[in-house]
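Note sheet for the following structure.
In the numbering used here, the protein residues as written are 313 to 727.
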């Protein structure tokens, strides 16, 4: 038996009131997009607070594990269930379907013939699986109540698997769900989804993507809230290699598995960095460079129709991420700056990068432009007025360099 139907559960969308349908439609679109990349033909539909995926074709036309893996990257889903779907039928038929489901899912062999003499009690084995049946009768025309279906199916299961199952209504090993709607759906295992909101339902933002651990995680977290992403990467040839650039492209591909397509803008930042290095105090290099990165990223964001910037900064992690430094950095941008990692410890960020599979790529030993030009003793409590005074030394060159950097940007479309 191959289960060719998935029941998909969502979380926050269920409390969206009159806008709920729009979010459901967006989620359906994202599910279709995710499944378009895996083998098989899938029909996606929504019905009464549920989203269903039905596999078309024969039993060998799809890989269930591959389909689940794709669905686990769709923001908005909190649960993925492979279900046995059957027509609405007599309660005894539903009970027989439940027996078939339990046999297939848990490797149980139904007893042959009678389970025992009349009145004989068969004690469960020591390793018997405990279970509870939970029926949801959304189809109110069905002749039996939910509790009556629970009792009938439970009795049928105990008779079919004598000694192998036992009832536990408080802490069962298996919660067997039966949903009676236009059709009957039977399932027990709920595979966790990523949660969040469907991508695209909360606008678009520009991620300042470096080759480090933090920024890909920050992008993933904002995408999880339904925000579509584009990204800007600052490249400094010949001080940074093509391998460093490829590392960032690879990170963008990993994030795009969750966020959908990303436009990655590669900015040649070398001339601006050299100008800052030559004209500004070296202890202020990092802050001043960060300010011009914010200005350029904002220019790219406006071209893309983005409404905010995303960075991977965390308070106090490095000199450029003290509160005083962040105040100076923020002043350079007019757009909102989203910092989802702001209160995270480094280990928290590493744990998330491992979860989303970006860590191994992030730690590849190819330096980005920030690490090449870092000062030996960077200022940790910069004053905005002093930073702005230092930037006046760039007045004769910076506008032209900024325009050149924006206009010469290379855009790589990541899918």
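By construction, the Cβ of each residue, glycine as well, lies at the ideal position given by its N, Cα and C atoms.
Look at the alpha carbon of residue i and the alpha carbon of residue j, and state the distance between them as a whole number of angstroms.
i           : j           : result
residue 408 : residue 468 : 8 Å
residue 347 : residue 354 : 7 Å
residue 427 : residue 476 : Per-residue confidence for residue 427 stands at a pLDDT of 44, beneath the threshold of 50, marking its modelled position as unreliable; no derived number is given.
residue 715 : residue 320 : 48 Å
residue 647 : residue 490 : 49 Å
residue 551 : residue 635 : 29 Å
residue 653 : residue 561 : 22 Å
residue 733 : residue 363 : This structure leaves residue 733 out entirely; the chain is present only between 313 and 727.
residue 713 : residue 582 : 10 Å
residue 591 : residue 356 : 59 Å
residue 594 : residue 687 : 6 Å
residue 572 : residue 446 : 36 Å
residue 375 : residue 350 : 8 Å
residue 689 : residue 695 : 16 Å
residue 540 : residue 669 : 20 Å
residue 444 : residue 358 : 27 Å
residue 317 : residue 411 : 18 Å
residue 430 : residue 471 : Since pLDDT at residue 430 reaches only 46, below the 50 mark, its modelled position is unreliable, and the value read off the structure follows with that caveat. Cα to Cα, residue 430 sits roughly 12 Å from residue 471.
residue 436 : residue 659 : 46 Å
residue 516 : residue 726 : 15 Å
residue 465 : residue 322 : 27 Å
residue 365 : residue 456 : 27 Å
residue 672 : residue 703 : 37 Å
residue 509 : residue 422 : 42 Å
residue 721 : residue 547 : 10 Å
residue 567 : residue 619 : 19 Å
residue 336 : residue 414 : 31 Å
residue 417 : residue 486 : 11 Å
residue 496 : residue 615 : 50 Å
residue 676 : residue 577 : 21 Å
In the DSSP assignment, the alpha helix (DSSP H) including residue i goes from what residue to what residue?
i           : result
residue 603 : 597 to 616
residue 637 : 635 to 642
residue 493 : Where residue 493 is concerned, there is no enclosing alpha helix (DSSP H), given that its DSSP letter is neither H nor E.
residue 479 : Where residue 479 is concerned, there is no enclosing alpha helix (DSSP H), although the beta strand (DSSP E) it sits in stretches over 477 to 479.
residue 333 : 332 to 347
residue 419 : Premise fails: residue 419 is in no alpha helix (DSSP H) and is neither H nor E.
residue 670 : Run containing residue 670: none; DSSP gives neither H nor E here.
residue 458 : 458 to 472
Tell me the residue span of the beta strand (DSSP E) that contains residue i.
i           : result
residue 394 : 389 to 399
residue 377 : Here residue 377 belongs to no beta strand (DSSP E); instead the alpha helix (DSSP H) covers 376 to 383.
residue 518 : 516 to 520
residue 324 : Neither: residue 324 is in no beta strand (DSSP E) and is coded neither H nor E.
residue 442 : 441 to 449
residue 537 : That residue, residue 537, is in no beta strand (DSSP E); it is neither H nor E in DSSP.
Please check the pair residue i and residue j, which I expect to be a contact at CB under 8 Å, by giving their CB distance rounded to whole angstroms.
i           : j           : result
residue 338 : residue 512 : 6 Å
residue 450 : residue 360 : 6 Å
residue 400 : residue 325 : Between residue 325 and residue 400 the Cβ distance is about 27 Å, and since that is not below 8 Å, they are no contact.
residue 610 : residue 645 : 5 Å
residue 386 : residue 342 : 5 Å
residue 606 : residue 588 : Their Cβ separation, rounded to whole angstroms, is 14 Å, which puts residue 606 and residue 588 out of contact at 8 Å.
residue 623 : residue 579 : The Cβ separation is near 15 Å, so there is no contact.
residue 641 : residue 584 : Contact doesn't hold; Cβ gap of about 16 Å is too wide.
residue 678 : residue 553 : 6 Å
residue 473 : residue 396 : Rounded, the Cβ-Cβ distance is 16 Å, inconsistent with contact.
residue 391 : residue 574 : Not really, about 27 Å apart at Cβ, beyond 8 Å.
Hey, residue i and residue j: beta-carbon distance below 9 Å or not?
i           : j           : result
residue 662 : residue 534 : no
residue 519 : residue 505 : no
residue 604 : residue 710 : yes
residue 718 : residue 608 : yes
residue 565 : residue 637 : no
residue 629 : residue 499 : no
residue 625 : residue 632 : yes
residue 442 : residue 478 : yes
residue 521 : residue 488 : no
residue 352 : residue 367 : yes
residue 528 : residue 373 : no
From the DSSP secondary-structure annotation, give me the bridge partner or partners of residue i.
i           : result
residue 692 : DSSP, once it has assigned bridges, lists no residue as partnering residue 692.
residue 504 : 391
residue 360 : Looking at the DSSP assignment, residue 360 forms no beta bridge with any residue, so it has no partner.
residue 650 : 622
residue 368 : 353
residue 498 : 396 and 490
residue 546 : 579
residue 725 : 575
residue 317 : 366 and 395
residue 714 : The partner list for residue 714 (beta bridge, DSSP) is empty, contrary to what the question assumes.
residue 509 : 537
Of all Cβ atoms in chain D, is any one closer than 9 Å to the Cβ of residue i?
i           : result
residue 319 : Checking the listed chains, one finds no chain D in this structure; it contains a single protein chain.
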